[in-house]
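So the sequence shown is numbered by full-length UniProt numbering: it starts at 1 and just counts up by one.
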Amino acid sequence: MKFYTTTYHSDLIKDTNRLSAFLEGIIEVSNTFNNFKNIDKNNKINENINENEDKNNENNIFNLKNKINFEKKKNSRIALDIGCGSGVLSYFASKCFDSVLGIDIDEKIINYAKKSFFNAEIENVSFINDDASSYDFSKLFNVSNLDNDSIFEKFTDLIICEMLDTALINEEEIPVLNNIQKYLKNKDNVKILPKGIINVAEPVFMEKDYINYEDEEFHGNKPQYEILGGPVKYLELNFLDNIDPAVETVINFNLNDFSSNVNTDNFDNNMNKDLKSHFNGIKITTFTLITDNILCGPTPMFNPPLFVPVPNINTVNETNNSNSNYIKNEKKHEKNISLKLEYLMGGGVETIKTKIIN
1 MKFYTTTYHS
11 DLIKDTNRLS
21 AFLEGIIEVS
31 NTFNNFKNID
41 KNNKINENIN
51 ENEDKNNENN
61 IFNLKNKINF
71 EKKKNSRIAL
81 DIGCGSGVLS
91 YFASKCFDSV
101 LGIDIDEKII
111 NYAKKSFFNA
121 EIENVSFIND
131 DASSYDFSKL
141 FNVSNLDNDS
151 IFEKFTDLII
161 CEMLDTALIN
171 EEEIPVLNNI
181 QKYLKNKDNV
191 KILPKGIINV
201 AEPVFMEKDY
211 INYEDEEFHG
221 NKPQYEILGG
231 PVKYLELNFL
241 DNIDPAVETV
251 INFNLNDFSS
261 NVNTDNFDNN
271 MNKDLKSHFN
281 GIKITTFTLI
291 TDNILCGPTP
301 MFNPPLFVPV
311 PNINTVNETN
321 NSNSNYIKNE
331 KKHEKNISLK
341 LEYLMGGGVE
351 TIKTKIIN
């Protein structure tokens, strides 16, 4: 299928590892529903359903006005693709679900998506241009005597929300999911893709004194850095939970490599070459739990690792006795340091704060 895209969305499509992970997830969820369909076929309540309706496109839930104007049939499956972009994941879902609705705040990319699907003669997918973080999803459904809180349970089987970035700092995944929570009463009846994320932080000696990404393929040169200790999981989220976008946590690092393996010869001129400050940042890596069975690490356009500097006033090195209150286990040749990390998910990298504490 040919997709019309912006430059940014073209880069997203080129990231085949990202697409493969979500395709596998959509198929896995679809297979779960198909098992239910097989059970439904043995139920007499479905004997009057015409098997040819889908072939004639008469079971298209979304009409041109993006309204569901008749009751959902027993065997029909519906997916919402929130933050759909050019519609690639909507396309995958269209092969596994009876009807798909894509939503995106970018008017230009929505128009491209409509053009792509019109040209491909795919009739079970519709698109709307709106802000999913504040959208009233009850407007999608032309129904009466139905509590808004139960809309998703009655009419939606899968919610795809791939508005992801490293640590969910820049993108609006959490604000959007929190809006969706208003319409979820019985969460057992709805699947969400991805299911959640896991954030891991590592202490590093980094060349740059500003926030940057490890994204060589699409955003320039790979940053120079040295890892000074093991990874620490500091946050795990299930996207069906109510999530506070404000993150405030303390990460306890064991620094076991202050200087012996740090080589600054290849570092560029952006770094502060004060060799008394070997711990000057953290590397944040986000792992995405697509489903219970699929865990996806960073890809070129999907959550590249994020480097965050630690303020120079709090930098620690092997011989810095002024910071001795932060250092323990000298006999084990380790330095234990507690770092306070704060940011607002969906608020942007400017909300990130780091501070070494006792």
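Ideal Cβ positions, reconstructed from N, Cα and C, are used throughout, including at glycine.
Going by DSSP, Asp-81 is part of the beta strand (DSSP E) stretching over 78-82. Closest by C-alpha distance to Glu-121, out of Ile-192, Glu-107 and Met-1, is Met-1. Setting aside the 5 residues that flank it on each side, Ile-27 is surrounded in the same chain by Cys-96, each with a C-beta closer than 7 Å to its C-beta; the list follows chain order. Cα atoms of Lys-139 and Asp-130: separation of roughly 12 Å, rounded to the nearest angstrom. In the displayed model, Leu-19 falls within a helix according to three-state DSSP. Counting C-beta pairs with one atom in each stretch, the segment 189-207 and the segment 281-289 have three or more that are closer than 8 Å, which means they touch. A check of alpha carbon separations from Ile-282 across Gly-230, Pro-245 and Met-301 identifies Gly-230 as the nearest. Per the coordinates, the alpha-carbon of Ala-113 lies some 7 Å from the alpha-carbon of Gly-85. When rounded, the separation of the alpha-carbon atoms in Val-176 and Tyr-225 is 34 Å. Relative to Phe-253, the option among Leu-228, Thr-285, Gln-181 and Tyr-91 whose CA is nearest is Leu-228. For the 8 Å CB-CB criterion, Lys-355 and Lys-340 form a contact. Among the bridge pairs identified by DSSP, Lys-353 is matched with Glu-342. In this structure, Ser-116 keeps its C-beta atom at 8 Å or more from the C-beta atom of Gly-83. Put simply, of Thr-156, Leu-164 and Ala-201 the residue whose alpha carbon is nearest the alpha carbon of Ala-93 is Thr-156. Leu-228 carries a coil assignment under DSSP once its states are collapsed to helix, strand and coil. Taken through DSSP and simplified to helix, strand or coil, Phe-302 comes out as strand.
In this structure, the straight-line span from the alpha carbon of Glu-24 to that of Gly-297 is close to 15 Å. Per DSSP, the unbroken alpha helix (DSSP H) holding Ile-174 starts and ends at 173-180. Only buried fits Ala-201, as 16 or more other CB atoms lie within 10 angstroms of its CB. Comparing alpha carbon positions, the residue from Ser-338, Pro-311, Asp-136 and Glu-350 closest to Met-206 is Pro-311. In the DSSP assignment, Glu-248 falls within the beta strand (DSSP E) that extends over 246-255. Secondary structure in the UniProt domain "Methyltransferase" (80-139): the alpha helix (DSSP H) runs of 4 residues or longer, each lying completely within the stretch, are 88-94 and 107-119 in chain order. Under the three-state reduction of DSSP, Thr-286 is assigned to strand.
Secondary structure note for Ile-13: its alpha helix (DSSP H) is the uninterrupted segment 7-14. Scanning its chain for C-beta atoms nearer than 6 Å, with the 5 sequence neighbours on each side dropped, one finds around Val-232 the residues Ala-201 and Ile-251, in chain order. In the DSSP annotation of this structure, the continuous segment of the beta strand (DSSP E) that includes Val-200 starts and ends at 196-206. Between the alpha carbons of Ile-284 and Lys-185 lies a gap of roughly 34 Å. Per DSSP, the beta-bridge partners of Lys-191 are Leu-158. Our two residues, Ser-134 and Gly-347, have alpha carbons roughly 15 Å apart in a direct line. Around Ile-352, the same chain offers Ile-169, Ile-211, Val-308, Leu-341, Glu-342 and Tyr-343 as residues with beta carbons nearer than 8 Å, after the five sequence neighbours per side are excluded.
Contact between Arg-18 and Met-301 holds, since their C-beta atoms are separated by about 6 Å, short of 8 Å.
Non-local C-beta neighbours of Asn-119 in its own chain, meaning closer than 8 Å and more than five positions away in sequence, comprise Lys-2, ordered along the chain.
Distance from the CA of Lys-14 to the CA of Thr-5, rounded to the nearest whole angstrom, comes to 11 Å.
Less than 8 Å divides the Cβ of Pro-223 from the Cβ of Glu-214.
A Cβ-Cβ separation of about 7 Å places Ile-160 in contact with Leu-80 under the 8 Å criterion.
By the Cβ neighbour-count rule, Asp-244 is exposed, with fewer than 16 other Cβ atoms within 10 Å of its own.
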